[in-house]
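Visitor:
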Amino acid sequence: MRWSEAFIPTLRDAPADAEAVSHVLLVRGGFIRQVAAGSYTILPLGQRVRLKVAGIIREEMNAIGGQEMMPPTLHPAEIWRKSGRYELMGENLFRLEDRKGADLVLGMTEEELFALTALELSSYRDLPQIWYQMHTKFRDEPRPKSGLLRVREFTMKDSYTLDIDRAGLDAGFEKHRGAYQRIFSRMGLDAVGVEASSGAMGGSESVEFMVRSEAGEDWIVTCANCDYRANVERATSAVAAVEDGEREDLGRFPTPGLRTIRALAAAHPEIAAPDRQIKTLVYLLDGEQVLVLLRGDHNLQEQKLLDATVAVEARAATPEEIRALLGADPGSLGAVSVDGVKIVADEALRGRFNLVTGANEDDWHRSGVDVERDIRVSQWADLREVTSGEPCPLCGGALDLWKGIEVGHIFKLGTKYSETFGVYVQDEKGESHPIIMGSYGIGVERGMAAVVESSHDEKGIVWPVSVAPYETVITVVRADDPATVEAAERLYAELGDSAIEVLFDDRVERPGVKFADAELIGIPYRVTVGPKGVEKGVVELTTRDGLITEEMPLGDVVGYLLERVTGQRFGI
RNA sequence: CGGGACGUGGCGCAGUUUGGUAGCGCGCAGCGUUCGGGACGCUGAGGUCGUGGGUUCGAAUCCCGCCGUCCCGACCA
Numbered sequence: 000m001r002w003s004e005a006f007i008p009t010l011r012d013a014p015a016d017a018e019a020v021s022h023v024l025l026v027r028g029g030f031i032r033q034v035a036a037g038s039y040t041i042l043p044l045g046q047r048v049r050l051k052v053a054g055i056i057r058e059e060m061n062a063i064g065g066q067e068m069m070p071p072t073l074h075p076a077e078i079w080r081k082s083g084r085y086e087l088m089g090e091n092l093f094r095l096e097d098r099k100g101a102d103l104v105l106g107m108t109e110e111e112l113f114a115l116t117a118l119e120l121s122s123y124r125d126l127p128q129i130w131y132q133m134h135t136k137f138r139d140e141p142r143p144k145s146g147l148l149r150v151r152e153f154t155m156k157d158s159y160t161l162d163i164d165r166a167g168l169d170a171g172f173e174k175h176r177g178a179y180q181r182i183f184s185r186m187g188l189d190a191v192g193v194e195a196s197s198g199a200m201g202g203s204e205s206v207e208f209m210v211r212s213e214a215g216e217d218w219i220v221t222c223a224n225c226d227y228r229a230n231v232e233r234a235t236s237a238v239a240a241v242e243d244g245e246r247e248d249l250g251r252f253p254t255p256g257l258r259t260i261r262a263l264a265a266a267h268p269e270i271a272a273p274d275r276q277i278k279t280l281v282y283l284l285d286g287e288q289v290l291v292l293l294r295g296d297h298n299l300q301e302q303k304l305l306d307a308t309v310a311v312e313a314r315a316a317t318p319e320e321i322r323a324l325l326g327a328d329p330g331s332l333g334a335v336s337v338d339g340v341k342i343v344a345d346e347a348l349r350g351r352f353n354l355v356t357g358a359n360e361d362d363w364h365r366s367g368v369d370v371e372r373d374i375r376v377s378q379w380a381d382l383r384e385v386t387s388g389e390p391c392p393l394c395g396g397a398l399d400l401w402k403g404i405e406v407g408h409i410f411k412l413g414t415k416y417s418e419t420f421g422v423y424v425q426d427e428k429g430e431s432h433p434i435i436m437g438s439y440g441i442g443v444e445r446g447m448a449a450v451v452e453s454s455h456d457e458k459g460i461v462w463p464v465s466v467a468p469y470e471t472v473i474t475v476v477r478a479d480d481p482a483t484v485e486a487a488e489r490l491y492a493e494l495g496d497s498a499i500e501v502l503f504d505d506r507v508e509r510p511g512v513k514f515a516d517a518e519l520i521g522i523p524y525r526v527t528v529g530p531k532g533v534e535k536g537v538v539e540l541t542t543r544d545g546l547i548t549e550e551m552p553l554g555d556v557v558g559y560l561l562e563r564v565t566g567q568r569f570g571i
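Position one of the first sequence corresponds to residue 0 (numbering that gives the first Met the number 0), numbered consecutively onward.
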């Protein structure tokens, strides 16, 4: 492609409304343009990257036996009602009506569609199957952000494994784990698989693939010592036991104006250190009021609460709701002798005594609380959020906390969809079993953005060869010098003949502009052809990564690039 | 949805406090001089000031409504 004929609208200034690095660079480099919140046109350069990412995903999916198909994105609402997700997905689901007044939805994922398709299967001999599709998904995100990282319309590769038994599901899951690692590493991403919460998807086990980045939206816990890795939504740590001393009787003491754990601890250091207090929170879980108990120095991880109670929505109660329920304001709340309300307590409180908690009367607290003796706990669960530096639950090493972008997520789904859609097959004895499903997703454009987030410098993007829009750019230093242009034209033709993807910067621009643009859009190799070099029969070859330049004879360039590029095309 | 900020040529911004009919830089077009790290000069094109209403002799500027965008929190590839 000749740059003079290409549509590559680069910008000198960063757009004012872009914050994330990938957003700034993709817009400045002419890869994308915003249409509305969470809605982008992918320009020619962006589309080339997108197709390469999609190509890598296809190759690896096909390699594990995946079969690509193409379900619609426009679904009858009926099947979403049937799976229960019509209500469950709430406002995130785009809904519309056709001319006959029938309800339709735009697909967010394709579990329903693939379950319907699986109705064709009738025997264990038909299994296992790995099916996938890669096209547009719609989500009415409450808050689209950061360019391509979180949008309302995007391309997702989602695949589904269909198996007769648990062992088959496990095998399909492991195949996907491997395929995903290869996909991300070929894209140049350092993605780590972490234990995750399944959230609204349902299912038993799930692994998220996270790429370290400041623009990420998840907090990840990893151990420096062993391979423990988990999303904070799931992560645990080894908490040191606290010495409770002698068991004492329940008491009451005045605490005027003491409304926080810290203030209470400061006023009564001998009995009310934060780890000797019980923190009492009031939550509404799907509308039901619940008391949540944690050690005073611990914080609640809401997703853990949802997972433990199998609830869909959690919100903190308002001060009015709290007063109506317990008769006191936050700061003096406690669960001692509370009855008729569900009480969920964190494991760290199990067996503890001599604790301090609110008395449900403003300005009063209780002392000598024995959790199991004095509180009617309905459910014990791991509810606390891990913080940086705590001991690893597996080896005791220090835990590290970092922000990551979720580039992929794999789930062991189970039989939820096969049961509701009646997808049963017979085993060798003629008995019917619901098919066991797994579901596996990768966001294509988010993957592109993640590459930019983790591979750029102050000049612009640094694409790995495997996903670069072009593998090399020829920069003609003097587009008005016939000898230079002739040499560059010949090189352009030869590189094209060697099937190297080349962008030929034949624009009548000053060299500085060309260099800056080439670096901004991140082409891995640049061949600089200038009058002085051509006279000596040499050109310069500059790598985008590190900007290392070496001079070489004009005749050697094609062979050299062919070797370098073909070695890196596959990635890894 | 709660909190904060913003909306003025393609991009980045000033002008709004104190109403007087829109300006700067970049980019763009033409000509000339330049040319191995975002050149310079001259000439020029391009704007319903997000939108609807109101106040006023007069509104980018003051008032009210609406729409949109970004950022921080609850959701997810």
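For glycine and all other residues, C-beta sits at the position ideal for the given N, C-alpha and C.
On the CB-based measure, 16 or more other CB atoms within 10 Å of its CB, does I571 come out buried or exposed?
Guide: With fewer than 16 other Cβ atoms within 10 Å, it is exposed.
Visitor: Out of P523, L494, L490 and A517, state which residue places its alpha-carbon closest to the alpha-carbon of V533.
Guide: With distances taken between Cα atoms, V533 lies closest to L490.
Visitor: Report, in whole angstroms, the separation of the C-beta atoms of D274 and D296, which I expect to be a contact under 8 Å.
Guide: With 8 Å as the limit, D274 and D296 qualify as a contact, their Cβ atoms being about 5 Å apart.
Visitor: Name the DSSP bridge partner or partners of A344?
Guide: DSSP lists L292 and W379 as partners of A344.
Visitor: With distance defined between alpha-carbon atoms, name the residue in N61, P70 and L168 nearest to M436.
Guide: Ranking the options by Cα distance to M436, first place goes to L168.
Visitor: Just grab the DSSP bridge partners of L30 for me.
Guide: Reading off the sequence shown, one finds Phe at residue 30, where the question assumed Leu. Beta-bridge pairing links F30 to no other residue.
Visitor: Under the assumption that L382 contacts Q300 (Cβ atoms under 8 Å), give the Cβ distance between them as a whole number of angstroms.
Guide: Right, the Cβ-Cβ distance comes to about 6 Å (below 8 Å), so this counts as a contact.
Visitor: Decide if K428 is buried, meaning its Cβ has at least 16 other Cβ atoms within 10 Å, or exposed.
Guide: Counting Cβ neighbours within 10 Å, K428 comes out exposed, since fewer than 16 surround it.
Visitor: Among all the DSSP beta bridges, which residues are the ones paired with C391?
Guide: DSSP output for C391 lists no bridge partner at all.
Visitor: Using CA coordinates, which residue listed in E213, R151, T160 and A5 is at the minimum distance from G440?
Guide: Selected option, being the one with the closest Cα: T160.
Visitor: Leaving out five residues before and five after A101 in sequence, what residues of the same chain have Cβ atoms less than 8 Å from its Cβ?
Guide: Excluding positions up to five away in sequence, the list reads P75 and A76.
Visitor: Less than 8 Å between the beta carbons of M60 and S158, yes or no?
Guide: Their beta carbons are under 8 Å apart, which means M60 touches S158 by this criterion.
Visitor: Have a look at the DSSP bridge pairing and note the partners of D133.
Guide: Reading the sequence as shown, one finds Met at residue 133 and not Asp. For M133, which the question treats as bridged, DSSP gives the partners K156.
Visitor: Under a three-way DSSP split, which group does L400 fall into?
Guide: Residue state, collapsed to three classes: strand.
Visitor: Which runs of the alpha helix (DSSP H) at least 4 residues long sit entirely within the segment 434-465? Give them in chain order.
Guide: Correct list: 443-453.
Visitor: Report back the beta-carbon spacing between L290 and T279 to the nearest angstrom; my notes put them in contact at under 8 Å.
Guide: The pair is a contact, with the Cβ atoms about 6 Å apart (cut-off 8 Å).
Visitor: Look at the alpha carbon of V104 and the alpha carbon of S438, and state the distance between them as a whole number of angstroms.
Guide: Answer to the nearest angstrom: the Cα atoms are 20 Å apart.
Visitor: Drop a sphere of 10 angstroms on the beta-carbon of V615, count the other beta-carbons inside from all chains shown, and report buried for 16 or more, exposed for fewer.
Guide: In the structure as shown, the chain begins at 0 and stops at 571. Residue 615 is therefore absent and cannot be evaluated.
Visitor: When we look at the beta-carbon of V231 and count the other beta-carbons within 10 Å, is it buried (16 or more) or exposed?
Guide: Under this definition V231 is a buried residue.
Visitor: Is the CB-CB distance between A190 and F208 below 8 Å?
Guide: Yes, these two residues count as a Cβ contact at 8 Å.
Visitor: Could you tell me how far apart the beta carbons of A223 and G388 are, in whole angstroms, since I believe they sit closer than 8 Å?
Guide: With a Cβ gap of about 10 Å, A223 and G388 do not count as contacting.
Visitor: Ignoring anything shorter than 4 residues or poking outside the segment 32-97, list the alpha helix (DSSP H) runs there in chain order.
Guide: Complete alpha helix (DSSP H) runs here, min 4: 43-62, 76-82 and 84-87.
Visitor: Would you mind reading off the limits of the beta strand (DSSP E) that contains P329?
Guide: First-last for P329: undefined, no H or E at that position.
Visitor: When you compare only the Cα positions, how much space is there between D496 and K535?
Guide: D496 and K535: Cα-Cα distance of roughly 24 Å.
Visitor: Would you give the residue range spanned by the alpha helix (DSSP H) that G167 belongs to?
Guide: That run of the alpha helix (DSSP H) goes R165 to R185.
Visitor: When you compare the CB positions of K341 and D217, do they come within less than 8 Å of one another, or not?
Guide: No. Outside cutoff.
Visitor: In the DSSP assignment, the beta strand (DSSP E) including R314 goes from what residue to what residue?
Guide: R314 -> beta strand (DSSP E) spans A313 to A315.
Visitor: Tell me S205's beta-bridge partners as DSSP assigns them.
Guide: Beta-bridge pairing links S205 to F410.
Visitor: Could you compute how far the alpha carbon of S453 sits from the alpha carbon of E360?
Guide: Computed Cα separation, rounded: 53 Å.
Visitor: Quick check: the segment 307-316 against the segment 251-267, are there 3 or more CB pairs under 8 Å?
Guide: The segment 307-316, when compared against the segment 251-267, does not touch it at the 8 Å Cβ threshold.
Visitor: With distances taken between CB atoms, is the gap from D345 to L283 smaller than 8 Å?
Guide: Contact flag unset, no.
Visitor: Taking C-beta to C-beta, are R477 and T471 nearer than 8 Å?
Guide: For R477 and T471, no; Cβs fall outside 8 Å.
Visitor: Measuring straight from C-alpha to C-alpha, what distance separates T154 and T116?
Guide: If you take the alpha carbons of T154 and T116, they lie about 21 Å apart.
Visitor: Which term fits L10, buried or exposed, when burial requires 16 or more other beta carbons within 10 angstroms of its beta carbon?
Guide: L10 comes out exposed.
Visitor: At which residues does the beta strand (DSSP E) containing A229 begin and terminate?
Guide: Start and end: R228 to N230.
Visitor: Helix, strand or coil for S3, going by three-state DSSP, please let me know.
Guide: Residue state, collapsed to three classes: helix.
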